[in-house]
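Asker: Residue numbers (our numbering): 5 to 92.
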Amino acid sequence: MAKSELVQANEKIAENVVNGYKKIENRVVGGYKSIEESVVGGFTKMTDKFVDQFLTKEGESVADAKKRLTEEQAARENAGKHLHHAGE
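1) Quick check on DSSP: helix, strand or coil for Leu-10?
2) Are the segment 24–40 and the segment 55–73 in contact at 8 Å, needing three or more beta carbon pairs?
3) Return helix, strand or coil for Lys-61, following the three-state DSSP convention.
4) Cβ of Ala-67 within 9 Å of Cβ of Lys-61?
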C-alpha cells in the first residue's frame, strides 16, 4: 500500500512540474512573438515611409513601388548572371 501511495505522489509531482514548465514555456514563447511582431511592424513602417518618400513614382502606391523595385532587382540579378556565364 505504501508503495502505491509513493507512486501516486511521484506522479502528482511530475504532473505539477510538467504543468509549471508548460506555463513558463507559453509565457516565453508569447513574449518572443510579441517582441518579434513589434520589431517587424516597426521595420515595415520605417521601410514603407522610406519607399513612400524617396522611391515611389507619381501616383504609385508604396506596395506597387516595392513590387516594382523587387522586379527591377531580380532583372538586374538575372542580367548579371547572364553576363557572368557568358564570360566563362
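We put the CB at the ideal spot given by N, CA and C, even for glycine.
Note that this is a predicted model, so its numbers are computed, not measured.
Answerer: This is what the structure gives:
1) Leu-10: helix per DSSP, three-state reduction.
2) No, the segment 24–40 is not in contact with the segment 55–73.
3) In this structure, Lys-61 counts as coil in the three-state DSSP scheme.
4) Here Ala-67 is not near Lys-61, since their CB atoms are 9 Å or more apart.
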